[in-house]
Amino acid sequence: MALIAAIAGGLLLIAACGLAVQRFNRVAISPLPVAPLTACQPQQLARGQARWDAPGQGGFLYGNGTLLLQACRKGHWTLQVNGTAMQGIPPHLIITSGIQPLLERDVSGVLTLTVPAKAGQPLALTAPNTLVVLEARNLYVDHFHFQPQRPCLQGPVELSSPDVGTLGPTKIQLLSNGAVSLIACGAGEATFQLSGSETAGVGPLATVQVGGHTIFRGLIATQRSRTLRLPLRQGEQLQISFSNDAARQLDQRQIEVNQAVFQAD
Numbered sequence: 001m002a003l004i005a006a007i008a009g010g011l012l013l014i015a016a017c018g019l020a021v022q023r024f025n026r027v028a029i030s031p032l033p034v035a036p037l038t039a040c041q042p043q044q045l046a047r048g049q050a051r052w053d054a055p056g057q058g059g060f061l062y063g064n065g066t067l068l069l070q071a072c073r074k075g076h077w078t079l080q081v082n083g084t085a086m087q088g089i090p091p092h093l094i095i096t097s098g099i100q101p102l103l104e105r106d107v108s109g110v111l112t113l114t115v116p117a118k119a120g121q122p123l124a125l126t127a128p129n130t131l132v133v134l135e136a137r138n139l140y141v142d143h144f145h146f147q148p149q150r151p152c153l154q155g156p157v158e159l160s161s162p163d164v165g166t167l168g169p170t171k172i173q174l175l176s177n178g179a180v181s182l183i184a185c186g187a188g189e190a191t192f193q194l195s196g197s198e199t200a201g202v203g204p205l206a207t208v209q210v211g212g213h214t215i216f217r218g219l220i221a222t223q224r225s226r227t228l229r230l231p232l233r234q235g236e237q238l239q240i241s242f243s244n245d246a247a248r249q250l251d252q253r254q255i256e257v258n259q260a261v262f263q264a265d
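Each residue of the sequence shown is one higher than the one before, starting from 1 at the first, in the UniProt record's numbering.
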């Protein structure tokens, strides 16, 4: 997996080099009547990797994310932010209103800021140099070939979900307990190489099955790849998967918004 924390696994069915294309793939109700709002309420929105945990507090700014604050009347926002440095470099905060820059500075530790607000004009908080470093356990399928080459390799190869991994002409990257399945449209031999990345010193636990029977199951070491050559009959399914997905955060540079309070003028 790539720069992430934990994501759901998935199953992908593709065709490659002589393989036929197939794809698989409380509400709380208050007993009391709610009075209509008589005063405008400020809004908190998030885009990209940024997020708000709760109105008025708990915002996180990292990656390509943007935190948005919008008031329906003139006033000001009081923000308490906390910057976490990485490799001696603090996160850099930029606050804009439309195209107008209002504030730009590094944030080291806890800081309280007061920022003017216009009615209906959102404030955008970004931190372009934020970074999260993860150690992720992934499985890589490299140098995939099927012999003989047959004309049934057609159409674009697509992932059933972005969380499963990424595909290249001869390389597959499996994330978060992902799996890839292939069905031979003719008899031949599939050749590929398994490698992986480790978390806490342990690589991915790979399983290779042909026609529902397990051909290989074992841990893949980062420094030592495993090459497999498997004969396939026409219509036979080859599945490659891993089942011990893990990741841990090694370091981060981010900005946490501890509090965001709007005060009308």
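Even glycine gets a Cβ: it sits at the ideal position worked out from N, Cα and C.
It should be emphasised that the depicted structure is a prediction, and the values quoted were computed from it without experimental measurement.
- Task: Could you give the DSSP three-state label for GLU135: helix, strand or coil?
- Result: strand
Margin query: Short of 8 Å in beta carbon distance, which residues of its chain neighbour GLN234, apart from the five on each side in sequence? Order them along the chain.
Written below: ALA184, CYS185, GLY186 and ALA187
Roughly how many angstroms lie between the CA atoms of GLU256 and LEU45, to the nearest whole one?
15 Å
Exercise. Using DSSP with H/G/I as helix, E/B as strand and the rest coil, what is GLY201?
Worked result: coil
Query raised in the report: Between LEU123, PHE216 and ARG229, which lies nearest to ILE94 when the distance is taken from Cα to Cα?
Result: LEU123
- Nearest-angstrom beta carbon gap, GLY65 and GLY48 [assumed within contact, 8 Å]: 4 Å
Notebook entry, point to check: When we look at the beta-carbon of GLY203 and count the other beta-carbons within 10 Å, is it buried (16 or more) or exposed?
Noted result: buried
_Going by DSSP, what residue range makes up the beta strand (DSSP E) through ALA247?_
247–264
Item to complete: Report the three-state DSSP secondary structure of THR130 (helix, strand or coil).
Response: coil
TODO: State the CB to CB distance for the pair LEU125 and LEU67, rounded to an integer number of angstroms; the pair is presumed to be in contact (CB under 8 Å).
DONE: 4 Å
Next on the checklist: With the cut-off set at 9 Å, would you say THR191 and SER243 are in Cβ contact?
Outcome noted: no
Quiz prompt | Length of the line joining the Cα atoms of VAL141 and SER241 | solution = 10 Å
- Nearest to ALA136 by alpha carbon, out of MET86, THR199, ARG229 and LEU79? THR199
field: One or two residues paired with ILE94 in a DSSP bridge
entry: GLU104 and THR126
- Task: Report the rounded CA-to-CA distance for ALA264 versus PRO91, giving the unit in angstroms.
- Result: 29 Å
Q) If you drop the 5 nearest sequence neighbours on each side, which residues of the same chain put their C-beta closer than 6 Å to that of ILE215? A) VAL208
inquiry  = Quick test of your reading: VAL115 and LEU103, contact by CB under 8 Å. State the CB separation rounded to the nearest angstrom.
reply    = 6 Å
Original post:
Out of curiosity, what's the CA-to-CA distance linking GLN100 and ALA247?
Top reply: 39 Å
From the DSSP output, in three-state form, read off GLY218 for me. strand
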